[in-house]
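Notes for the one structure printed next.
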Amino acid sequence: MTDQDAYQRALDNAERLLGQPLALPLANGEPPVGQDFRRLATVQTFGEAWPREGLDVRSRCLVSVAIAATLGTHEPLRGQLRIALHSGVTREEIVELFIHLAAYAGAARAFDSYQVVAAVFAERP
186 MTDQDAYQRA LDNAERLLGQ PLALPLANGE PPVGQDFRRL ATVQTFGEAW PREGLDVRSR
246 CLVSVAIAAT LGTHEPLRGQ LRIALHSGVT REEIVELFIH LAAYAGAARA FDSYQVVAAV
306 FAERP
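Rendered as C-alpha cells:
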C-alpha cells in the first residue's frame, strides 16, 4: 500500500465515522508542510488506530470522548462527540460518561469539557 493509499483509506474511515468528509485545510499563514502533519495524524488516527479489531467502534468512541475531555482538548472533543453520536452512542450515555469523569478526573475538568458537550448537543436538536 502506498502512502497515498494509506491516506485515502484513513480519509474514507474518518468520513464513515463522522458521517461527512474530514476537512483539514491549512490556516492562513500556515506553511505547506502543515499538510504533512495533517496527513500523518490522519493516517495514524483513522487509518491505524480506529480500524483495529481489539475494541468495537462504540467502545472506541466512549474511550476517545473520555480521553479528549480529560485532557481538556476542546476541538478534538468536539470531533469525538460527533463521531460517538454518529456511531450510535446516546446523549444519555455521554452524560453518564461525564458523571463518571467528574469522579475520576475532577469536577472542574468535567464541567469545563461538558460545555463542549452542550454545544455539540445543540448542533443536533
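In this note's numbering, the protein residues as written are 186 to 310.
For every residue, glycine included, the Cβ atom is placed at its ideal position computed from N, Cα and C.
7 Å Cβ shell around residue i - same chain, five flanking residues per side excluded
i	result
Val302	Leu266, Ile279, Phe283
Ile252	none
Tyr381	Outside the shown range of the chain, which is 186 to 310, sits residue 381, and nothing can be said about it.
Arg243	Ser272, Gly273, Val274
Gly204	His271
Trp235	Asn198, Leu202, Arg245
Close Cβ partners of residue i (< 8 Å) along its chain, the five nearest in sequence each way excluded
i	result
Leu247	Ala269, Val274, Glu278, Leu282
Phe296	Ala287
Val305	Arg263, Leu266, Arg267, Leu270
Leu240	Val248
Gly257	Arg294, Asp297, Ser298
Element boundaries [alpha helix (DSSP H), containing residue i]
i	result
Asn198	188-203
Phe283	276-290
Val228	Segment: none, Val228 is in no alpha helix (DSSP H) and carries neither H nor E.
Ala255	Sequence check: residue 255 is Thr here, not Ala. Thr255 -> alpha helix (DSSP H) spans 242-256.
Arg267	259-271
Same chain, Cβ closer than 6 Å to residue i, neighbours up to 5 away in sequence not counted
i	result
Pro311	Given that the chain is displayed from residue 186 to residue 310, the structure contains no residue 311 and the question cannot be resolved.
Gly232	Ala191, Arg194, Ala195
Thr227	Ala195
His259	Val301
Arg223	Leu209
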